[in-house]
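**Student:** Sharing a structure with you now.
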Amino acid sequence: MTFLRIGTATAGASRPAAARSGLAGAAATAISLVLLVLAWQVVAMFVASPLLPGPPEVAAALVRASADFALPRNILITLGRVAASFFVAMVVGAAVGVALGRSKGLDRVFGPWLIVLLNLPALVVIILCYVWFGLTEVAAITAVAVNKIPNVAVTLREGAVALSRDLDEMAQVYRFGPLRTLRHVVLPQLAPFFAAAARSGLALTWKIVLVVELLGRSNGVGFELQTAFQLFDVATVLAYALAFTLVVQLIELTILQPWERRASRWRR
Amino acid sequence: MTGIVLDIVEKRFPAAAGAPAAPIYRDFRLDVAPFSFLVLLAPSGSGKTTLLNMIAGLDRDFAGRIGFEPAAGGAFGPEGPRIAYAFQNPRLLPWRRVLDNVALPLGGGEAAREAALAMLREVGLEEQAGAYPERLSLGQQRRVALARAFVLDPDVLLMDEPFVSLDEAGAARLRDLLRRLLARRPTTVVFVTHDSREAVELGTRLVRLDGAPARIVADIPVTLSAEDRCSPAMVEALRRQVVGHGSSADRS
């Protein structure tokens, strides 16, 4: 018996390596999104119910909501809350994380608190904040920030533990002092951890902000979603959801990603 | 510029897993004359780097004192002598350009950057001023570290095997550069190595340490002229003499 091994490759079938360049990738993404809209349209036509409006109905709702500037205004209000709570969470979380990363004693005492906070459901924090501080703006922003702080702290604690002792000694010998050491030695080492915390932070924050608005605010995207929900106005729900998601994605693409690239340009 | 007086009553290595705390220096005294180039030769693991860290003020966990005496008529600033330290690894900030790495010990301002650029010119790295350190070869990174040390115009220069892990030609070029820099900016140098040829080529005084706790087993002045130091035969002759003084275990 002879055994034949036959190759299956066809000559000339190998693709050029650079075929999927940036432009091709963008085109592929666009085609994929168009397919999603088409699928949505087909399902909507098949179901034929006001509870699943198709793309034209949602587009009409978008135009209606934008007519009196309600939609852009509410998106701006919500973005303001996202920005405020994001900022508070990053600053407080980073301070806590770095402190815990630098001191083993502090970490032993407060490390378990972080685990408790990490596992506290967002809704519980929101309810407690509204109960304790009233239905105020401060309570809303605190609730979102408290949800995010343990995440940031855990990430930055890892960064602080990994700080280079060698560079620290160098800064000490050459008398950098606390400020120059922070700016030129410590913060650049923490930058990748900041970026990771910021990226997951934005994703988490904007979702929780909507819940906070739904439960205790009288404006913003979350509040509008609740109103539409009570009227079973699914087209408006989808219009707000689409518009807001688009804005957040734009922030990620135009602010976070360029900053991350800039912070890591020294890498080989 | 500066004399150093080391008077260490006791320095211990902290107890590590399993091993008890062991004294590495006990009643250890060493005077370093101003402007001398002192080379410490010792087997690895005997605490040479620890000694440099103690002089640098990085390690204060010891009994005893380390004094710095300004040159006659001179005085230190309020912060004490200016100390520069060339570590075993270059320890550059990878996220700062070469120029900023050299300028930062001076404060990083415009005047500091100008001084740093002049210094980079001296070590032949002017063209790399705008590059990030990781794009440089190891030899170039070590030259940047030398520039960072000398830009301070230091009173004391500590060097911990700064030319290790370079090929022989690269190390020779760097030793040459170090001699040129020192000719222009004389300072008191404490240089740690385990390479006796390097020690003879550079030093004005060789101190060999051995044992635990470490004792000085040889203390030899080197009186070679600048020309002699460039002659491999002269260096080798003195090196044999020096190795004979110390422990027979030396193979370098």
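Just so you know, the sequences run in chain order A and B. The first sequence maps to residues 0 to 267 in numbering that gives the first Met the number 0. The second sequence maps to residues 0 to 251 in numbering that gives the first Met the number 0. All C-beta atoms, glycine included, are put in the ideal place defined by N, C-alpha and C. No experiment lies behind these values; they were computed from the predicted model shown.
Which same chain residues end up closer than 7 Å to Ala-242/A when comparing Cβ atoms and leaving out the 5 residues on each side of it in sequence?
**Tutor:** Leu-61, Leu-70 and Ile-74
**Student:** Roughly how many angstroms separate the alpha carbons of Phe-222/A and Glu-157/A, rounded to a whole number?
**Tutor:** 37 Å
**Student:** Step through the CB atoms of chain B and report whether any lies within less than 8 Å of the CB of Trp-258/A.
**Tutor:** no
**Student:** Along chain A, in chain order, which residues have C-beta atoms closer than 9 Å to that of Pro-13/B?
**Tutor:** What Pro-13/B touches in chain A: nothing, since even the nearest Cβ is about 15 Å away.
**Student:** With DSSP as the reference, identify every bridge partner of Pro-231/B, one or two as the case may be.
**Tutor:** Answer is none; Pro-231/B lacks a bridge partner.
**Student:** So, using beta-carbon positions, are Leu-40/B and Ser-195/B closer together than 8 Å?
**Tutor:** yes
**Student:** Assuming Tyr-81/B contacts Leu-177/B under a Cβ cut-off of 8 Å, what Cβ separation, rounded to an integer in Å, is found between them?
**Tutor:** Note that residue 81/B is Arg in the sequence shown, not Tyr. That pair is no contact at about 18 Å.
**Student:** Answer with yes or no whether the minimum CB distance from Ile-65/B to chain A is below 8 Å.
**Tutor:** Put simply, the CB of Ile-65/B is far from chain A, with every gap to its CB atoms at 8 Å or more.
**Student:** Listing by chain order, which chain A residues have their CB less than 7 Å from the CB of Tyr-84/B?
**Tutor:** Val-172
**Student:** Do you know offhand how far Val-246/A's Cα is from Ala-240/A's?
**Tutor:** 10 Å
**Student:** Three-state secondary structure (DSSP) at Glu-160/B?
**Tutor:** coil
**Student:** Tell me the rounded alpha-carbon separation between Ala-117/B and Leu-29/B.
**Tutor:** 36 Å
**Student:** Would you mind telling me which residues of chain A sit closer than 9 Å to Leu-57/B, beta carbon to beta carbon, in chain order?
**Tutor:** What Leu-57/B touches in chain A: Glu-168, Gln-171 and Val-172.
**Student:** Among Val-115/A, Leu-35/A, Val-145/A and Ala-27/A, which residue has its Cα nearest to the Cα of Ile-125/A?
**Tutor:** Val-145/A
**Student:** For chain B, is any of its Cβ atoms less than 8 Å away from the one on Arg-179/A?
**Tutor:** yes
**Student:** Judging by CA-CA distance, which residue of Gly-63/B, Arg-141/B and Val-38/B is the nearest neighbour of Leu-91/B?
**Tutor:** Measuring C-alpha to C-alpha distances from Leu-91/B to each of Gly-63/B, Arg-141/B and Val-38/B identifies Arg-141/B as the nearest.
**Student:** Measuring alpha carbon to alpha carbon, tell me which residue in Ala-98/A, Trp-39/A, Arg-179/A and Ala-83/A is nearest Ala-139/A.
**Tutor:** Ala-83/A
**Student:** Any idea which residues DSSP pairs Ile-3/B with across the strands?
**Tutor:** Answer by DSSP bridge pairing, in chain order: Val-31/B and Phe-67/B.
**Student:** Taking C-beta pairs closer than 7 Å, name the residues in chain B that Val-97/A reaches, listed in chain order.
**Tutor:** Within chain B, no C-beta atom comes less than 7 Å from the C-beta of Val-97/A; the nearest is roughly 18 Å away.
**Student:** Among Leu-252/A, Arg-164/A, Ala-194/A and Val-42/A, which has the Cα closest to the Cα of Val-184/A?
**Tutor:** Arg-164/A
**Student:** DSSP three-state label for Tyr-173/A, please.
**Tutor:** coil
**Student:** Rounded to the nearest angstrom, how far is the Cβ of Leu-157/B from that of Val-143/B, given a contact under 8 Å?
**Tutor:** Incorrect: roughly 17 Å between the Cβ atoms, too far for contact.
**Student:** When you compare only the Cα positions, how much space is there between Phe-192/A and Leu-155/A?
**Tutor:** 6 Å
**Student:** Report back the beta-carbon spacing between Gly-219/A and Arg-107/A to the nearest angstrom; my notes put them in contact at under 8 Å.
**Tutor:** About 41 Å; that fails the 8 Å criterion.
**Student:** For the beta strand (DSSP E) containing Val-143/A, name the first residue and the last one.
**Tutor:** Careful: Val-143/A lies outside any beta strand (DSSP E), inside the alpha helix (DSSP H) at 136-160.
**Student:** Name the chain A residues whose beta carbon is nearer than 7 Å to that of Arg-261/B?
**Tutor:** There is no way to answer for residue 261/B, as the model of chain B reaches only from 0 to 251.
**Student:** Are the C-beta of Pro-104/B and some C-beta of chain A separated by less than 8 Å?
**Tutor:** For Pro-104/B, the answer is yes, since a Cβ of chain A falls inside 8 Å of its Cβ.
**Student:** Give a yes or no on whether the C-beta atoms belonging to Tyr-24/B and Lys-47/B are separated by under 8 Å.
**Tutor:** no
**Student:** Rounded to whole angstroms, what is the Cα-Cα separation between Arg-194/A and Leu-255/A?
**Tutor:** This sequence places Ala at residue 194/A; Arg is not what is there. Those two C-alpha atoms are separated by around 8 Å.
**Student:** Go through its chain and collect everything with a Cβ distance to Phe-12/B's Cβ below 6 Å, but skip five positions before and after it.
**Tutor:** Taking Phe-12/B as the centre and dropping the five residues before and after it, the same chain places the C-beta of Ala-21 and Ile-23 closer than 6 Å to its C-beta, in chain order.
**Student:** Roughly how many angstroms lie between the CA atoms of Leu-103/B and Phe-175/A, to the nearest whole one?
**Tutor:** Looking at the two C-alpha atoms, the distance is approximately 7 Å.
**Student:** Name, in chain order, the residues that DSSP records as bridge partners for Arg-11/B.
**Tutor:** Pro-22/B
**Student:** May I have the straight-line CA-CA distance separating Arg-64/B from Ile-219/B, to the nearest angstrom?
**Tutor:** 24 Å
**Student:** Flag Phe-175/A as yes if its beta-carbon sits less than 8 Å from any beta-carbon of chain B, otherwise no.
**Tutor:** The beta carbon of Phe-175/A sits closer than 8 Å to some beta carbon of chain B.
**Student:** Is there contact here, the region 31-38 of chain B with the region 197-211 of chain B, by at least three beta-carbon pairs under 8 Å?
**Tutor:** yes
**Student:** Measure the C-alpha to C-alpha separation of Ala-170/A and Arg-179/A and round it to an integer number of angstroms.
**Tutor:** 9 Å
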